[in-house]
Amino acid sequence: MLGVAVVAILALAGMTGIESSSFRQGSVESDPVTDAIVTGASQDALDVYRRHGHLKGPQHAIAVFDVTTGMIRIDLRGGGLPEHGGAELEDLQQFVSNGALEALRPIVPAAGTIFFYNGKSFAEQYPEDAFADRHVRRPRQGGGGLVVVSAGHGWYYHHRFRDWRAQRDPSNGIIEDEITPGYADELRRWMIERSQVAAVRIRSEAADFHTPSGYAWWRMAARYSLEASHPEQPDLWNSLPTSDHALRERDEDIRSRPRYANLLQAEALFHLHTNAGPPAASGARAYVAEGRPEDHRLASQVLCYMKELINSVDDYSDYAVASTPETGRHGENSQANMPSVIIEAGFHTNASDAAALLDPAFRTASMKGVEKGYRLFREGEGCVPLKVEPIQSIELSAGSSRRVDVVFEGHPRYPIDLVTTNVGCPPGWTCTDGKVHIAAPDEKPSQIIMKCENAGSAPLFWSTQVVDADGVKSPPVRHRVQCIRRPGGLSVAAAGLVGH
Numbered sequence: 000m001l002g003v004a005v006v007a008i009l010a011l012a013g014m015t016g017i018e019s020s021s022f023r024q025g026s027v028e029s030d031p032v033t034d035a036i037v038t039g040a041s042q043d044a045l046d047v048y049r050r051h052g053h054l055k056g057p058q059h060a061i062a063v064f065d066v067t068t069g070m071i072r073i074d075l076r077g078g079g080l081p082e083h084g085g086a087e088l089e090d091l092q093q094f095v096s097n098g099a100l101e102a103l104r105p106i107v108p109a110a111g112t113i114f115f116y117n118g119k120s121f122a123e124q125y126p127e128d129a130f131a132d133r134h135v136r137r138p139r140q141g142g143g144g145l146v147v148v149s150a151g152h153g154w155y156y157h158h159r160f161r162d163w164r165a166q167r168d169p170s171n172g173i174i175e176d177e178i179t180p181g182y183a184d185e186l187r188r189w190m191i192e193r194s195q196v197a198a199v200r201i202r203s204e205a206a207d208f209h210t211p212s213g214y215a216w217w218r219m220a221a222r223y224s225l226e227a228s229h230p231e232q233p234d235l236w237n238s239l240p241t242s243d244h245a246l247r248e249r250d251e252d253i254r255s256r257p258r259y260a261n262l263l264q265a266e267a268l269f270h271l272h273t274n275a276g277p278p279a280a281s282g283a284r285a286y287v288a289e290g291r292p293e294d295h296r297l298a299s300q301v302l303c304y305m306k307e308l309i310n311s312v313d314d315y316s317d318y319a320v321a322s323t324p325e326t327g328r329h330g331e332n333s334q335a336n337m338p339s340v341i342i343e344a345g346f347h348t349n350a351s352d353a354a355a356l357l358d359p360a361f362r363t364a365s366m367k368g369v370e371k372g373y374r375l376f377r378e379g380e381g382c383v384p385l386k387v388e389p390i391q392s393i394e395l396s397a398g399s400s401r402r403v404d405v406v407f408e409g410h411p412r413y414p415i416d417l418v419t420t421n422v423g424c425p426p427g428w429t430c431t432d433g434k435v436h437i438a439a440p441d442e443k444p445s446q447i448i449m450k451c452e453n454a455g456s457a458p459l460f461w462s463t464q465v466v467d468a469d470g471v472k473s474p475p476v477r478h479r480v481q482c483i484r485r486p487g488g489l490s491v492a493a494a495g496l497v498g499h
């Protein structure tokens, strides 16, 4: 267990600069060893980020883990900061944040990160962006009207270089801007089919060319699709009309997504992405805005069932999925009126994750998990993975059988199978596996039939699990059957059978 000390931020070693900074105000319940870990990891991530073409950015990162809030506080110091609190800043923070969160995860998973800039808070450093965040209505929980599915990024126009480019560089055979539309198609399908809600995408799906760029429409960022479909509403796609910032159209793209969902009065908004970080960082993550409990609950449900569905695929039985969402500032979430979640299915900077991201089986499982999480969120259910309760061990007389209840919890997709496998058959016995197929919850009782043909002194051991239509398997539960002689009778042969 970590030793904890109350450390005034003002007194932390290695911190220099303005004495009255927001980063230093107050005190946090902290541990010096943990602080050293998150500071080192933040600095390492920042160094990697700088080497990838961002040498003019911040030079130093100082971090503190606040035990009370579970948040990692990171102060970016020295060098230059992005001029605006938009996409460029979010990229920097996401990369550094992933480094710090990944380093702390084996010790104690953090709730998220909050950034400071040479000691200043976001509101102090970027007052205009903070003002825009503050003037978004509080999120509301939807009742089943419409879901917006946003495929991350897309090509945009860079005003400094005067060219059209993807928002993400290639990594391990993936360009994030190109892979997310497939995930959006997958999620929309399951939302319509299973959640039975209207689900719309924002980025265009058309294969013909966007004339100004010369690229296919499906590659383009959402901002341009909305410009074409809603030319009379420039506030959707041209929300920074007076900006001369080189990345202004990329920033407008971020803002366009929640603004469109707000216009549609959507019940929920999902942003589908792949992640970036140090090469060792891997697994699925979800991010929400601070102070929005419904968003946090929705994201928690999504992660729960992403894990259940992804891990049901044999090749991804050990794929890491975060247990809780992480809090951070992302324009895609902060400007949404409804519960809004960023879902990072895996790290394109990790070779193993990248291979998974390219696999259709992984894509289907992960997006089925997102849909299931949303559906159960709407129904007011919690995170209840499929699990069989302990099964009673029994004694049976030779030639008799008995129905045994298989009680389970969770939300399986029907039809389901109750699969019973022998895991301990004495020499000379014949032990037959069994399977009970149940097409619907009310079709028949959840029971298996155990049968003994003859008797013997050694018990028979069985393992039973529930397998649903999506391939989700409950952990197997072991149980025992003892085949005994009938009163006054003799046994002449030994055989064990599980009926179906």
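Following numbering that gives the first Met the number 0, the residues of the sequence shown are numbered contiguously, the last one being 499.
For every residue, glycine included, the Cβ atom is placed at its ideal position computed from N, Cα and C.
Since the structure is predicted, the reported quantities are computational estimates derived from the model, not experimental observations.
query: Let's test the definition: count the other Cβ atoms within 10 Å of the Cβ of His295 and tell me whether it reaches 16, buried, or not, exposed.; result: buried
query: Using CA coordinates, which residue listed in Pro233, Phe361, Ala335 and Glu331 is at the minimum distance from Ala344?; result: Phe361
query: Give me whichever residues DSSP pairs with Ile342 in a beta bridge.; result: Leu271 and Ala285
query: Since Gly372 is in the alpha helix (DSSP H), which residue starts that stretch and which ends it?; result: Pro359 to Arg377
query: Leaving out five residues before and five after Ser462 in sequence, what residues of the same chain have Cβ atoms less than 6 Å from its Cβ?; result: Thr420, Val422, Pro475 and Arg477
query: So for Gly141, helix, strand or coil by DSSP?; result: Residue placement at Gly141 cannot be trusted, given a pLDDT of 49 that sits under 50; the coordinates are not used to answer.
query: Below 8 Å on the Cβ atoms is my contact criterion, and I expect Ser194 with Tyr373 to pass it. Report the Cβ-Cβ distance as a whole number of Å.; result: 6 Å
query: Who are the Cβ neighbours of Asn261 in its own chain at under 6 Å, not counting the five residues just before and after it?; result: Asn336
query: DSSP state of Arg187, grouped into three classes?; result: helix
query: Under DSSP, the alpha helix (DSSP H) around Trp236 begins and ends at which residues?; result: Pro233 to Trp236
query: For Phe208 versus Asn274, is the C-beta distance shorter than 8 Å?; result: no
query: Taking the Cβ atom as the reference point for each residue, do Asp34 and Phe64 lie within a distance shorter than 8 Å?; result: yes
query: Measuring only the C-alpha atoms, how far is Val406 from Ile393?; result: 16 Å
query: Taking the runs of the beta strand (DSSP E) that are 3 residues or longer, which of them lie wholly in the segment 66-128?; result: 70-76 and 111-116
query: In chain order, what residues of the same chain lie with their CB nearer than 7 Å to the CB of Tyr223, ignoring the 5 residues before and after it?; result: His209
query: Quick test of your reading: Trp217 and Ala205, contact by CB under 8 Å. State the CB separation rounded to the nearest angstrom.; result: 6 Å
query: With H, G and I counted as helix, E and B as strand and the rest as coil, what does DSSP make of Thr348?; result: coil
query: Assuming Ala468 is part of the beta strand (DSSP E), what are its boundary residues?; result: Counting along the chain, Ala468 falls outside any beta strand (DSSP E), and DSSP gives it neither H nor E.
query: Answer with buried or exposed for Gln93, where buried requires no fewer than 16 other C-beta atoms within 10 angstroms of its C-beta.; result: buried
query: On the DSSP letters alone, give me the boundaries of the alpha helix (DSSP H) that Gln42 sits inside.; result: Pro31 to Arg50
query: Of all the options Glu248, Ala165, Trp154 and His270, which has the alpha carbon lying nearest to the alpha carbon of Ala198?; result: His270
query: Measuring alpha carbon to alpha carbon, tell me which of Val466, Ser456 and Pro426 ends up nearest His436.; result: Val466
query: What is the DSSP secondary structure of Met337, counted as helix, strand or coil?; result: coil
query: May I ask which residues mark the beginning and end of the alpha helix (DSSP H) holding Asp294?; result: Pro292 to Ile309
query: Where Arg509 and Ile71 are concerned, what is the direct C-alpha to C-alpha distance, given to the nearest angstrom?; result: The question about residue 509 has no answer here: the residues shown for the chain are numbered 0 through 499.
query: Under DSSP, the beta strand (DSSP E) around Asp250 begins and ends at which residues?; result: Looking at the DSSP string, Asp250 is not in any beta strand (DSSP E); the run it does join, the alpha helix (DSSP H), is Arg247 to Leu263.
query: State the Cα-Cα distance for the pair Gly142 and Leu356, rounded to the nearest angstrom.; result: Reliability of the predicted coordinates at Gly142 is poor, the pLDDT of 48 falling under 50, and the value obtained from them is presented with this limitation in mind. If I take the Cα positions, the gap works out to 32 Å.
query: If you drop the 5 nearest sequence neighbours on each side, which residues of the same chain put their C-beta closer than 7 Å to that of Pro278?; result: Thr348 and Asn349
query: Nearest to Ala468 by alpha carbon, out of Val418, Asp176 and Pro324?; result: Val418
query: Return the CA-CA distance between Val320 and Ala298, expressed in angstroms with no decimal places.; result: 12 Å
query: Buried or exposed for Tyr315, please, with buried defined as at least 16 other CB atoms from any protein chain shown within 10 angstroms of its CB.; result: buried
query: In the DSSP assignment, find the unbroken alpha helix (DSSP H) run with Glu204 in it and report its ends.; result: No alpha helix (DSSP H) contains Glu204, which DSSP labels as neither H nor E.
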